[in-house]
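S.K.:
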Amino acid sequence: MTKVLVLMAVLLTTAVQARSSDGQHLLVFGDSLSAAYGIDIEKGWASLLAQHWQQNGKPHRLTNASISGETTDGGLARLPVTLQEIKPDIVAIELGANDGLRGHPLTRIQANLERMVDLVEAAGAQPIVIGISLPPSHGPRYVDGFRSLFAKVAEAKQVPFIDFYRAEFFDQPGYIQEDGMHPTEAPQPLIRDAVLGFLEQQNLLQ
41 MTKVLVLMAV LLTTAVQARS SDGQHLLVFG DSLSAAYGID IEKGWASLLA
91 QHWQQNGKPH RLTNASISGE TTDGGLARLP VTLQEIKPDI VAIELGANDG
141 LRGHPLTRIQ ANLERMVDLV EAAGAQPIVI GISLPPSHGP RYVDGFRSLF
191 AKVAEAKQVP FIDFYRAEFF DQPGYIQEDG MHPTEAPQPL IRDAVLGFLE
241 QQNLLQ
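Once you know that position 41 of the sequence shown is 81 in our numbering, the rest is easy, because the numbers rise by one and skip nothing.
Below, the structure is given as structure tokens:
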């Protein structure tokens, strides 16, 4: 019930209605990295992207269905209903960090992500895989395997891939919260700009 209430709150807060029906509808389907954990939801990268489109008269829409703490198991379970309700044109899948923090098998994470890509394509939408990483305390072998699996999913499924593990998002003082994992408000515009540039480069906003 808690997850349902949180999801409803996120959807109501961040869904931006377009001025026309000609634009693209982006569904952000992730975890705390996209749910603006620890900061104002309106200051998170997804909300900033929606605001950018609205302020610049773009007809695109964004629905943020991200939930802090979500795993690929949970995402896979709720994705079919979310796709049916939102009917997006593009789905950015940003999941896996919580699986990794719990030490889930990499094969299981990869299989779940591939299944989500399949579900998105079956719904007639364009999937995007977002790459992330883990703290080094999880060991180099596991972390290296984790980091590489997102690109492997994108390559296997022939879908666009954008890596969120970028130095410019995390390497400045004040860019990471005290938990050592989540970005603060400061780098959120950088993440928004990276996603926007990626969408335009991939010609996904036509």
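Just so you know, even glycine gets a beta-carbon here, dropped at the ideal spot from N, CA and C.
Since the model is a prediction, treat every value here as computed from it, not as a measurement.
#1: From Leu88 to Glu195, what distance separates their C-alpha atoms?
#2: In three-state terms, what does DSSP make of Ser70?
#3: Run the CB neighbour count on Gly164, radius 10 Å, all protein chains shown included, and call it buried at 16 or more, exposed below.
#4: Between Arg59 and Lys98, what straight-line distance do the alpha-carbon atoms span, to the nearest angstrom?
#5: Give me the Cα-Cα distance between Leu236 and Gln91, rounded to the nearest whole angstrom.
#6: Measuring only the C-alpha atoms, how far is Phe69 from Met221?
#7: Let me know the secondary structure DSSP gives Val183 once reduced to three states.
#8: Could you give the DSSP three-state label for Ile79: helix, strand or coil?
#9: What would DSSP say about Ile149, mapped onto helix, strand or coil?
#10: Are the region 179 to 187 and the region 221 to 230 in contact at 8 Å, needing three or more beta carbon pairs?
#11: Where does Pro145 land, buried or exposed, given buried means 16+ other C-beta within 10 angstroms?
#12: Could you spell out the range, first to last residue, of the alpha helix (DSSP H) harbouring Gly114?
#13: In terms of residue numbering, what span does the beta strand (DSSP E) encompassing Gly63 cover?
#14: Taking Cβ positions, are Leu73 and Ala137 nearer each other than 9 Å?
#15: Going straight from the alpha carbon of Ala75 to that of Ile81, what length do you get?
#16: For Pro213 and Val131, what's the separation of their Cα atoms in angstroms?
#17: Can you tell me which of the three DSSP states Arg142 falls into?
#18: At least one CB of chain B closer than 9 Å to the CB of Pro128: is that the case?
#19: With DSSP collapsed to three states, give me the class of Asp203.
#20: May I have the straight-line CA-CA distance separating Glu154 from Ile79, to the nearest angstrom?
M.R.: Let me spell this out:
#1: For the purposes of this step, residue 88 is identified with residue 48 of the sequence shown, where counting begins at 1. For the purposes of this step, residue 195 is identified with residue 155 of the sequence shown, where counting begins at 1. Rounded to whole angstroms, Leu88 to Glu195 spans 29 Å at the Cα level.
#2: Counting from one through the sequence shown, the residue named residue 70 turns up at place 30. Checking the displayed sequence, the identity of residue 70 turns out to be Gly instead of Ser. Gly70 falls in the strand class under three-state DSSP.
#3: Counting from one through the sequence shown, the residue named residue 164 turns up at place 124. That one is exposed.
#4: Walking along the sequence shown from the start, residue 59 turns up at place 19. Walking along the sequence shown from the start, residue 98 turns up at place 58. For Arg59, the predicted model reports a pLDDT of 38, less than 50, meaning its position is unreliable; a value from the coordinates is still stated below. In a straight line, the C-alpha of Arg59 is about 8 Å away from that of Lys98.
#5: By 1-based counting over the sequence shown, the position of residue 236 is 196. By 1-based counting over the sequence shown, the position of residue 91 is 51. Answer to the nearest angstrom: the Cα atoms are 12 Å apart.
#6: Walking along the sequence shown from the start, residue 69 turns up at place 29. Walking along the sequence shown from the start, residue 221 turns up at place 181. Taking the straight line from one Cα to the other gives about 19 Å.
#7: To locate residue 183, count along the sequence shown from 1; it is residue 143. Helix, per DSSP.
#8: Walking along the sequence shown from the start, residue 79 turns up at place 39. Three-state result, Ile79: coil.
#9: Within the sequence shown, residue 149 is the residue found at index 109, counting from 1. Reduced to three states, the DSSP call for Ile149 is helix.
#10: no
#11: In the sequence shown, counting from the first residue as 1, residue 145 sits at position 105. Pro145 should be labelled exposed.
#12: Taking the sequence shown and counting its residues from 1, one reaches residue 114 at position 74. Run containing Gly114: Thr112 to Ile126, per the alpha helix (DSSP H) assignment.
#13: Along the sequence shown, read from residue 1 onward, the residue named residue 63 stands at position 23. Where Gly63 is concerned, there is no enclosing beta strand (DSSP E), given that its DSSP letter is neither H nor E.
#14: Looking up residue 73 in the sequence shown gives position 33. Looking up residue 137 in the sequence shown gives position 97. Going by C-beta atoms, Leu73 is nearer than 9 Å to Ala137.
#15: For the purposes of this step, residue 75 is identified with residue 35 of the sequence shown, where counting begins at 1. For the purposes of this step, residue 81 is identified with residue 41 of the sequence shown, where counting begins at 1. Near 7 Å, if we compare the C-alpha coordinates of Ile81 and Ala75.
#16: One-based indexing of the sequence shown puts residue 213 at position 173. One-based indexing of the sequence shown puts residue 131 at position 91. For Pro213 and Val131, the distance between alpha carbons rounds to 32 Å.
#17: Residue mapping note: residue 142 aligns to position 102 of the sequence shown, counting from 1. Three-state result, Arg142: coil.
#18: As a matter of chain content, chain B is missing from the structure shown, which is built from one protein chain.
#19: Here residue 203 is taken as the residue at index 163 of the sequence shown, counted from 1. DSSP places Asp203 in strand when its eight states are reduced to three.
#20: Counted from its first residue, the sequence shown places residue 154 at position 114. Counted from its first residue, the sequence shown places residue 79 at position 39. Between Glu154 and Ile79, the C-alpha separation is close to 30 Å.
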